[in-house]
Structures are given as C-alpha cells and as structure tokens.
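Enquirer: For reference, the structure I am asking about is given below.
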Amino acid sequence: MRSTQDILPEIRTQMIQANGLEFEVDTLGSGDRLLLMLHGFPEHSVSWRFQMSYFAERGYRVWAPNLRGYGNTTVPKRRSDYAIEHLMEDVGGLIDVADASDVTLVAHDWGAVIAWYFAMRRIRVLDRLIICNVPHPGPAAKAASWTQLKKSWYILFFQLPFLPERMLLSSPGMGKMIETSAAAPENFSEAVIGLYDENAARPGNISAMINYYRALVSGGGMRRQRKLGLPMIDVPTLMLWGEDDMALSIETTYGTEDYVSDLTLRYLPGISHWVQQDAPRATNEMMEAFLSGEAVPEYDQVVGSSSE
C-alpha cells in the first residue's frame with residue numbers, strides 16, 4: 000500500500016526497526032526535541048499531517064509511526080501480540096532508536112490508551128504528554144454510565160470472532176466513515192481518505208486493529224493493568240477534548256486531575272473525536288503554548304469569531 004510520503008511528498012516515510020518489528024514511520028524535522036505522535040483506531044500516521052510540518056518548522060523532530068498492524072508496519076498474527084504491554088514496549092523501542100534528549104508523547108484514541116499507561120508505568124522518561132480524546136482509565140471507569148456504555152457498544156462487539164472483520168470490510172471505506180463523522184470533512188482530501196481505505200484493506204490489518212480491543216478486554220490487558228494500580232502521573236500533561244465525540248462522553252474526563260499532578264485540560268466545542276484533524280489550528284496553537292511552557296489558550300481564544 001501507499002505511504003504518507005506518496006500523497007504528501009514533504010514528509011519522509013521510512014522503515015525503522017524497534018522492539019523486534021519493522022515500523023513504518025513518517026518523519027520530519029531534526030534535533031533532540033522529539034515529538035512522538037501515536038495515532039488511533041482505525042487511523043494511520045497520516046492523521047498527524049497538520050501537526051508534522053507545523054512543529055518541524057519550529058525546531059522539533061517529529062515521528063509519527065504506524066502502530067503494529069497498521070499501514071506497512073509488521074502485522075503480528077495472534078491476539079496476544081496486541082497486549083498493552085507489547086504496545087508500550089513498541090513505544091519504548093521507538094524512543095530508544097530516536098535517541099532524543101527531550102521526548103514528548105502526543106497521542107490520540109488508541110495511541111492515547113497506550114500513552115496513558117506508558118506514562119503511568121514510567122517505561123521511559125517523558126518530558127511532556129499530550130492526550131487527544133481518550134480518557135485516563137481511572138475517570139473512564141467511574142463514568143461507566145448507561146449512556147457511555149451505549150456509545151461503547153462496538154468494544155463488546157469486537158470481542159466476537161470473525162464477524163467484526165466481515166462487517167468492517169463490507170462497510171463503506173474507513174476513510175469515508177472518518178470523514179462523515181468529522182466536524183470539518185473539508186480537512187479530509189480524497190488522497191487521505193484513500194490512504195485510510197488502503198490501510199484497512201491491507202491483508203491482516205483489519206484483524207490487527209480489532210485485536211487491540213480483544214487483547215485489552217477478553218485478553219485480560221485491562222484487568223492486569225488494574226491490578227497494578229493507577230499511580231499518579233507526574234509528567235506535565237495537556238489533554239485536548241473535542242466535545243462532539245461520538246464514542247466517548249465528556250463525563251469521562253471529569254476527575255482526571257486526581258490522577259495527573261500537572262494537568263491542563265482544554266475542551267473544544269463543536270469538534271469531533273478526530274480533534275487534531277478537525278481543528279488543526281487550535282490543536283497546534285494549544286500544543287505549541289504547552290510545549291513552550293506558556294499558558295494554554297481556551298478554544299474560543301484561538302479561533303475567535305472565525306472558523307478553523
């Protein structure tokens with residue numbers, strides 16, 4: 000399948016060996032300040048297209064890998080290969096290869112699930128953490144209302160064998176699904192939509208994507224992590240939350256400050272789950288302020304009376 004570089008030639012896509020796998024990684028910029036950007040389900044490294052050039056131009060080295068089972072990255076076969084412990088080891092391996100002195104994890108959706116646990120378990124030293132539209136597991140468990148359970152129906156559905164793969168592969172393309180559920184569909188070019196579709200259609204990828212959920216729930220990953228406890232995260236953390244998330248309610252963010260000692264939380268009204276693609280200007284400016292140690296503006300301060 001094609002890479003991000005094939006549709007966005009300013010980005011360099013390369014294959015990088017880490018943790019015994021071969022990762023397809025979009026790279027841009029240079030230097031010792033690394034922004035490691037982790038995508039979500041059912042996405043691709045191209046989901047960070049609006050952030051990569053912006054931060055490379057500001058002196059950061061930006062890496063956006065395709066996680067195991069996504070893009071042209073290695074696709075392990077077994078459900079157990081997608082255990083949260085292995086996913087954290089992947090991130091640690093990529094950080095080791097990058098050999099940067101200053102590391103910030105920037106993560107959305109499933110990437111953010113990994114990032115929360117990675118920071119909790121102190122797998123590697125992080126300078127900062129940026130989370131987009133996935134709650135910390137502590138508040139998420141407390142907010143397990145009937146409304147939230149209805150929104151999360153697909154997680155239980157994904158525990159079934161075979162049927163989820165058949166349904167997703169017979170549905171309209173993943174790219175179109177993402178575009179039609181976004182608040183700013185104009186931010187999704189036909190080339191980007193096509194790359195999302197190719198990502199899902201690559202042999203083995205769709206089962207890999209679903210195996211993240213299987214390994215976490217029926218595979219016991221969540222239970223193992225719960226037994227280890229939820230220690231306070233002491234890494235300065237920025238949490239960005241698109242309020243029109245179709246899968247996660249805003250209530251899952253309440254109480255995050257009880258688990259993160261230095262938390263900045265910003266809500267983006269009218270923005271969907273695909274926050275960094277829906278609202279790239281606001282995302283970038285909030286991230287830049289946070290990374291510079293400045294006060295992070297509220298959403299209405301960034302956009303004012305104009306649209307993204």
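Each residue of the sequence shown is one higher than the last, beginning at 0 in numbering that gives the first Met the number 0.
Heads up, the beta-carbon is just placed ideally off N, CA and C, and yes, glycines get one too.
Just so it is clear, the structure is predicted and the values come from calculations on it, not from any experiment.
#1: Can you grab the Cα-Cα spacing for the pair Arg225 / Pro171, in whole Å?
#2: Helix, strand or coil for Val234, going by three-state DSSP, please let me know.
#3: Please say whether Gly28 and Ala55 have beta carbons closer to each other than 8 Å?
#4: Just mark Thr235 as buried or exposed, buried being the case when its beta carbon has 16 or more other beta carbons within 10 Å.
#5: Which runs of the alpha helix (DSSP H) spanning at least 4 residues fall entirely within the stretch 102-154, listed in chain order?
#6: Going by alpha carbons, who is nearest to Lys149 out of Asp101, Arg165 and Ala246?
#7: How many angstroms separate the CA atom of Leu264 from the CA atom of Gly68?
#8: Report, in whole angstroms, the separation of the C-beta atoms of Val316 and Ala207, which I expect to be a contact under 8 Å.
#9: Would you report the Cα separation of Leu239 and Phe289, rounded to the nearest angstrom?
#10: What's the gap between the Cα of Ser79 and the Cα of Gly218?
#11: Under a three-way DSSP split, which group does Arg312 fall into?
#12: Would you check if the stretch 3-23 and the stretch 155-174 touch, i.e. whether three or more CB-CB distances between them fall below 8 Å?
#13: Please work out which residues of its chain come closer than 7 Å, Cβ to Cβ, to Tyr116, disregarding the five sequence neighbours upstream and downstream, and give them in chain order.
#14: Nearest to Ala214 by alpha carbon, out of Ala97, Glu242, Thr26 and Ile113?
#15: Is the distance from the Cβ of Val45 to the Cβ of Thr103 below 8 Å?
#16: State the Cα-Cα distance for the pair Asn198 and Arg57, rounded to the nearest angstrom.
#17: In chain order, what residues of the same chain have a beta carbon less than 6 Å from the beta carbon of Ser32, not counting five sequence neighbours either side?
#18: Can you give the Cα-Cα distance for Ala111 and Leu37, rounded to whole angstroms?
#19: Which stretch, first to last residue, makes up the beta strand (DSSP E) that contains Arg60?
#20: Just to confirm before moving on: does the CB-CB distance between Thr146 and Ser271 stay below 8 Å?
#21: Starting from the C-beta of Ile192, find all residues in its chain whose C-beta is less than 8 Å away, skip the five residues before and the five after it, and write them out in chain order.
#22: Between the Cα of Asn71 and those of Trp273, Phe22 and Gln300, spot the shortest distance and give me the residue it belongs to.
Expert: Answer, in terms of the structure:
#1: Sequence index remark: in the sequence shown, residue 225 carries index 226 (1-based). Sequence index remark: in the sequence shown, residue 171 carries index 172 (1-based). If you take the alpha carbons of Arg225 and Pro171, they lie about 36 Å apart.
#2: Working through the sequence shown from its first residue, we reach residue 234 at position 235. Looking at Val234 - three-state DSSP - the assignment turns out to be coil, as it is neither helix nor strand.
#3: In the sequence shown, the residue the question calls residue 55 occupies position 56. In the sequence shown, the residue the question calls residue 28 occupies position 29. Cβ distance < 8 Å, so Ala55 and Gly28 count as in contact.
#4: Here residue 235 refers to the residue found at position 236 of the sequence shown. The question names Thr, but residue 235 in the sequence shown is Pro. Buried is the call here.
#5: 109-120, 136-141 and 145-150
#6: Position 150 of the sequence shown holds residue 149. Ranking Asp101, Arg165 and Ala246 by Cα distance to Lys149 puts Ala246 first.
#7: Position 265 of the sequence shown, counting from 1, holds the residue named residue 264. Position 69 of the sequence shown, counting from 1, holds the residue named residue 68. Computed Cα separation, rounded: 31 Å.
#8: Examination of residue 316 is not possible in this model, given that the chain is present from 0 through 307 alone.
#9: As a position in the sequence shown, residue 239 is number 240, starting the count at 1. As a position in the sequence shown, residue 289 is number 290, starting the count at 1. For Leu239 and Phe289, the distance between alpha carbons rounds to 11 Å.
#10: Here residue 79 refers to the residue found at position 80 when the sequence shown is read from its first residue. Here residue 218 refers to the residue found at position 219 when the sequence shown is read from its first residue. Using only the alpha carbons, I get a separation of about 7 Å.
#11: As displayed, the chain neither begins before 0 nor continues past 307, which places residue 312 out of reach and without an answer.
#12: no
#13: Sequence index remark: in the sequence shown, residue 116 carries index 117 (1-based). Cβ neighbours of Tyr116 beyond the five flanking positions: Ile83, Met87 and Gln224.
#14: Taking the first residue of the sequence shown as position 1, residue 214 is located at position 215. For Ala214, the nearest C-alpha among the options comes from Ile113.
#15: Your numbering for residue 45 matches position 46 in the sequence shown. Your numbering for residue 103 matches position 104 in the sequence shown. No, the pair does not count as a contact, with Cβ atoms beyond the cut-off.
#16: To locate residue 198, count along the sequence shown from 1; it is residue 199. To locate residue 57, count along the sequence shown from 1; it is residue 58. Their Cα atoms are separated by approximately 30 Å.
#17: Against the sequence shown, residue 32 aligns to sequence position 33. Rather than Ser, the amino acid found at residue 32 in this sequence is Arg. So the list reads Tyr59 and Asp101, once near-sequence residues are dropped.
#18: As a first step, residue 111 must be located in the sequence shown, where it is residue number 112. As a first step, residue 37 must be located in the sequence shown, where it is residue number 38. About 7 Å.
#19: Here the question's residue 60 lines up with position 61 in the sequence shown. Where Arg60 is concerned, the enclosing beta strand (DSSP E) stretches over Arg60 to Pro64.
#20: By 1-based counting over the sequence shown, the position of residue 146 is 147. By 1-based counting over the sequence shown, the position of residue 271 is 272. The answer is no: Cβ separation not under 8 Å.
#21: Residue mapping note: residue 192 aligns to position 193 of the sequence shown, counting from 1. Result list for Ile192: Gly172, Gly174, Lys175, Ile177 and Glu178, in chain order.
#22: By one-based count along the sequence shown, residue 71 stands at place 72. The shortest Cα separation from Asn71 among Trp273, Phe22 and Gln300 belongs to Phe22.
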